[in-house]
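Report on the structure given below.
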Amino acid sequence: MAEKQEETVRAYTSPQVNPYGRVDEEVAAVAEKEERRKKRMKCFAYLVAFIVFQTGVFLIFGLTIMKVRTPRFRVMSASFDTFDVTTLDTNPSFNIRMITELAVRNRNFGHYKYQNSTIEFFYQGTKVGEAFVPRARAKARATRRFNVTVDLSSAGVPRDVLANEFRTHPVIPLRSQARLRGKVEIMKIMKKNKSSNMNCTMEINISSRQLGNISCR
2 MAEKQEETVR AYTSPQVNPY GRVDEEVAAV AEKEERRKKR MKCFAYLVAF IVFQTGVFLI
62 FGLTIMKVRT PRFRVMSASF DTFDVTTLDT NPSFNIRMIT ELAVRNRNFG HYKYQNSTIE
122 FFYQGTKVGE AFVPRARAKA RATRRFNVTV DLSSAGVPRD VLANEFRTHP VIPLRSQARL
182 RGKVEIMKIM KKNKSSNMNC TMEINISSRQ LGNISCR
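Going by our numbering, the sequence shown opens with residue 2, and the numbers climb by one from there.
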């Protein structure tokens with residue numbers, strides 16, 4: 002009898018097994034796995050964002066800095082050294098020394114180096130003068146201005162054409178043409194040949210002795 006009571010007491014005092022222990026372990030394992038999954042997703046999101054950012058940077062770099070644009074070559078203004086103009090119908094003529102300000106506008110992120118060239122001036126389709134344009138370099142994102150001297154002469158213009166023009170307009174209409182051949186160099190890793198064409202119209206006002214109505218395209 003005493004032995005039976007001892008067994009009963011031992012049974013009651015023996016450690017109890019937690020029926021929820023296994024469940025807690027499974028929940029912890031699932032939570033850990035979910036946490037790892039979230040970390041992987043976060044890393045993947047960061048990687049995708051970095052790739053998109055880098056792609057955007059390269060795209061902007063390619064569309065702006067590395068894009069090569071054609072420089073612009075223009076007549077800007079002029080002053081006169083010699084101004085000999087005769088508007089008489091019997092002997093119309095002009096002999097003018099014009100100091101012309103030209104400009105090469107380089108819109109690229111690299112310098113533009115151009116070769117020697119010539120600018121020609123025309124009156125009603127007849128060439129009346131030309132000037133030498135020396136080779137030089139226009140800096141990146143800058144406009145290079147310089148002067149050339151040209152002697153304008155109506156010697157090759159028919160007298161009747163000149164006389165008729167002087168009767169109707171007190172101006173000398175001119176058209177200038179030139180072509181610059183050069184090369185754009187960007188960051189010393191990219192070189193591309195680029196030519197710039199000038200096609201400008203303008204008028205010399207005989208009474209005020211000024212160059213005006215300059216239009217280039």
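Built from N, CA and C at the ideal position, the CB exists for glycine as well. For clarity, every value in this text was computed on a predicted model and none was experimentally measured.
Nearest-angstrom Cα separation, counted from residue j out to residue i
i           : j           : result
residue 97  : residue 137 : 27 Å
residue 217 : residue 168 : 27 Å
residue 116 : residue 170 : 38 Å
residue 182 : residue 48  : 46 Å
residue 124 : residue 192 : 38 Å
residue 39  : residue 68  : 42 Å
residue 81  : residue 154 : 14 Å
residue 93  : residue 208 : 15 Å
residue 44  : residue 36  : 12 Å
residue 100 : residue 213 : 14 Å
residue 29  : residue 51  : 33 Å
residue 26  : residue 41  : 23 Å
residue 239 : residue 210 : Nothing can be reported for residue 239: it is not among the residues displayed for the chain, which extend from 2 to 218.
residue 127 : residue 161 : 14 Å
residue 174 : residue 143 : 30 Å
residue 178 : residue 188 : 31 Å
residue 145 : residue 190 : 23 Å
Beta-bridge partners of residue i, as assigned by DSSP
i           : result
residue 44  : BP columns for residue 44 are empty, so no partner.
residue 86  : 95
residue 114 : 138 and 184
residue 174 : 204
residue 77  : Answer by DSSP bridge pairing: none, since residue 77 is not bridged.
residue 104 : 75 and 146
residue 132 : 120
residue 152 : 98
residue 198 : 180
residue 212 : 205
residue 67  : For residue 67, which the question treats as bridged, DSSP gives no partner whatsoever.
Residues near residue i by beta carbon distance below 7 Å, same chain, minus five either side
i           : result
residue 141 : 107, 109, 110, 111 and 112
residue 83  : 96, 97 and 98
residue 215 : 76, 201 and 203
Contact belief for residue i with residue j at Cβ below 8 Å, rounded distance in angstroms
i           : j           : result
residue 129 : residue 120 : That pair is no contact at about 12 Å.
residue 199 : residue 74  : 4 Å
residue 172 : residue 204 : 4 Å
residue 176 : residue 202 : 5 Å
residue 118 : residue 102 : With a Cβ gap of about 16 Å, residue 118 and residue 102 do not count as contacting.
residue 90  : residue 139 : Not really, about 46 Å apart at Cβ, beyond 8 Å.
Nonlocal neighbours in the same chain, by C-beta distance under 6 Å from residue i, ignoring five residues either side
i           : result
residue 152 : 98 and 130
residue 194 : 184
residue 86  : 95 and 207
residue 88  : 167
residue 132 : 120, 149 and 151
residue 46  : none
residue 31  : none
Residues near residue i by beta carbon distance below 8 Å, same chain, minus five either side
i           : result
residue 197 : 71, 72, 73, 74, 105, 115, 180, 181 and 183
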